[in-house]
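J.: Residue numbers (mature numbering (1 follows the signal peptide of the UniProt record, and there is no 0)): -18 to -1, 1 to 444. Beta carbons are placed, not taken as given, at the ideal position from N, Cα and C, and that holds for glycine. Please find one structure pasted underneath; my questions will follow.
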């Protein structure tokens, strides 16, 4: 069971209006006077590095100032001033979202949560309280000292807040009087408030078996069928999971299979469908969970976009998708860009995982109780002038995949927020009833719509 506790900063505004740039400047001047040590203006030496710290250059911006609160009181003071003055703002934990202005802002204030970095492990209660400005690698490194871990992100550089508030995977219960609010937060991202810390249950997981298996790209059809066999197993091994990636624009990289088994047992039977396919390299071994995740690299390309869909897997559907991602003209379009790269990825989500979320209070995501695949297309390139071409090509290719999904009657409405592009209507994919419930929660806790309109970035509840 995973529990979570929060400290929120919510302020209602009787009227929401767009502030003039001069208002943002005067508010930043106020912060520089009252919060000098945590306010960074454009002429300060650290400003440029902080304004462009987001993982993808598509999310770089020019905030009027950057503030780095170190505690709840400072956070309250900052949000109160911004709300009172109607100054738009953004909130950044790790800044891994490539969507423009998802975790950055032009002509407004960027609240950089990096100084909210506490890690307090309670071995008696088996919980850890972590600050919202941490990245998962920092959390895992600290907890490894105690041979425990938490349910968190796969990529160590990702911030804890974005993944936690963008999915249901890290939540279970809150003080029961706030259960409805918690339900909304499980997928609500930045629509309901600013979270300053999380308290998560720890698990006695230290050494695991896992790593990366590399395959020839020509074996992609076999690997997709192996994935289908894995997902079709009636009884899932709860300790096993994988993520598969392939690179149609750079086939020399081949297919990359990230595997983990949360016990120190080599080559567990759960992954048997994959063992029949020869590898070209293999890093799997018994190691700590953090060591395993630290071996997963990220391509060094400055600009990214991605797009997601979901479906129930089948042999025929995987054949169709495998053909589309290798033969469609959009692949050539992306590959022709400067440093153009297309990666496809699949994450298997089991019925047992969906049931676990329901058993622990439910969530706003509207997930179907069935084995499913969360599919993603990651597009990278070098030049800003190619942003539109890359985005439209990825969108077009995913539309073809969605058509194949519909033809197989395999559609899952849900769109995983952490893999979605900026123009995908993620919240609508939760279902009309859940959207209506989310709006009721917002009306109760943020009647002034502060986090809907003064915080313009991210996937908004409209």
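(1) Give every residue of the same chain whose Cβ lies closer than 7 Å to the Cβ of residue 471, excluding the five residues on either side of it in the sequence, and list them in chain order.
(2) Can you check DSSP and say which residues form a bridge with residue 438?
(3) Which residues bound the alpha helix (DSSP H) around residue 13?
(4) Using 9 Å as the threshold, is the C-beta distance between residue 253 and residue 222 below it?
(5) May I ask you to list the residues that DSSP assigns as paired with residue 48?
(6) Just curious, the beta strand (DSSP E) that residue 74 is in, first and last residue?
(7) If the criterion is Cβ atoms closer than 9 Å, does the pair residue 369 and residue 287 meet it?
(8) Does the beta carbon of residue 231 sit closer than 9 Å to a beta carbon anywhere in chain D?
(9) Would DSSP call residue 179 helix, strand or coil?
(10) In three-state DSSP terms, what is residue 174?
(11) Quick one: what's got a C-beta closer than 8 Å to residue 308's C-beta in the same chain, skipping five residues either side?
(12) Which residue marks the beginning of the beta strand (DSSP E) containing residue 373, and which one marks its end?
(13) Closer than 8 Å is the cut-off here; do at least three beta carbon pairs connect the region 240 to 257 with the region 209 to 222?
(14) Work out the CA separation of residue 367 and residue 433 for me, nearest whole Å.
(15) How is residue 275 classed by DSSP in three states: helix, strand or coil?
(16) Note down the Cα distance separating residue 99 from residue 116, rounded to an integer number of angstroms.
(17) Determine the contact status of residue 225 and residue 329, defining contact as a CB-CB distance below 9 Å.
(18) Alpha carbon to alpha carbon, what distance is there between residue 327 and residue 357?
(19) Evaluate contact between the region 79 to 89 and the region 40 to 54, counting only Cβ atoms and requiring at least three cross-stretch pairs below 8 Å.
(20) Between residue 7 and the rest of its own chain, which residues show a CB-CB distance below 7 Å, the 5 nearest in sequence each way excluded?
(21) Which class does residue 65 belong to by DSSP, given the choice of helix, strand or coil?
(22) Which residues does DSSP pair with residue 104 in a beta bridge?
(23) Taking the alpha-carbon positions, what's the residue 65 to residue 436 distance?
(24) Closest to residue 173 by CA distance: which of 346, 18, 380 and 364 is it?
(25) Considering just the uninterrupted stretch of the alpha helix (DSSP H) at residue 341, what are its terminal residues?
(26) If contacts are defined as beta-carbon pairs under 8 Å, then residue 207 and residue 300 qualify, I think. What distance do you get, rounded to the angstrom?
(27) By alpha-carbon positions, which one of 409, 440, 438 and 439 ends up nearest to residue 166?
(28) Short of 6 Å in beta carbon distance, which residues of its chain neighbour residue 360, apart from the five on each side in sequence? Order them along the chain.
(29) Where does residue 443 land, buried or exposed, given buried means 16+ other C-beta within 10 angstroms?
(30) Can you say whether residue 439 is buried or exposed, counting buried as having 16 or more other CB atoms within 10 angstroms of its CB?
(31) When you compare the region 413 to 420 with the region 378 to 393, are there three or more beta-carbon pairs, one atom per stretch, that lie closer than 8 Å?
(32) Could you check the C-alpha separation between residue 162 and residue 216 for me, to the nearest Å?
(33) Would you decide whether residue 96 is buried or exposed? Buried here means 16 or more other CB atoms lie within 10 Å of its CB.
(34) Along the alpha helix (DSSP H) that carries residue 270, what are the first and last residues, could you check?
(35) Which residues does DSSP list as the beta-bridge partners of residue 358?
(36) Can you tell me whether residue 277 is buried or exposed, with buried defined as 16 or more other CB within 10 angstroms of its CB?
T.: Short version:
(1) Missing from the structure shown is residue 471; the chain here goes from -18 to 444 and no further.
(2) Answer by DSSP bridge pairing: none, since residue 438 is not bridged.
(3) 3 to 16
(4) yes
(5) 22 and 92
(6) 71 to 74
(7) yes
(8) Judged by its chain identifiers, the structure shown contains no chain D, having just a single protein chain.
(9) strand
(10) coil
(11) 202 and 230
(12) Residue 373 -> not in any beta strand (DSSP E); alpha helix (DSSP H) instead, spanning 369 to 389.
(13) yes
(14) 31 Å
(15) helix
(16) 5 Å
(17) yes
(18) 6 Å
(19) yes
(20) 46
(21) helix
(22) 109
(23) 7 Å
(24) 346
(25) 333 to 341
(26) 6 Å
(27) 409
(28) 288 and 325
(29) buried
(30) buried
(31) no
(32) 33 Å
(33) buried
(34) Note, residue 270: premise wrong, no alpha helix (DSSP H); beta strand (DSSP E) at 267 to 270.
(35) 290 and 327
(36) exposed
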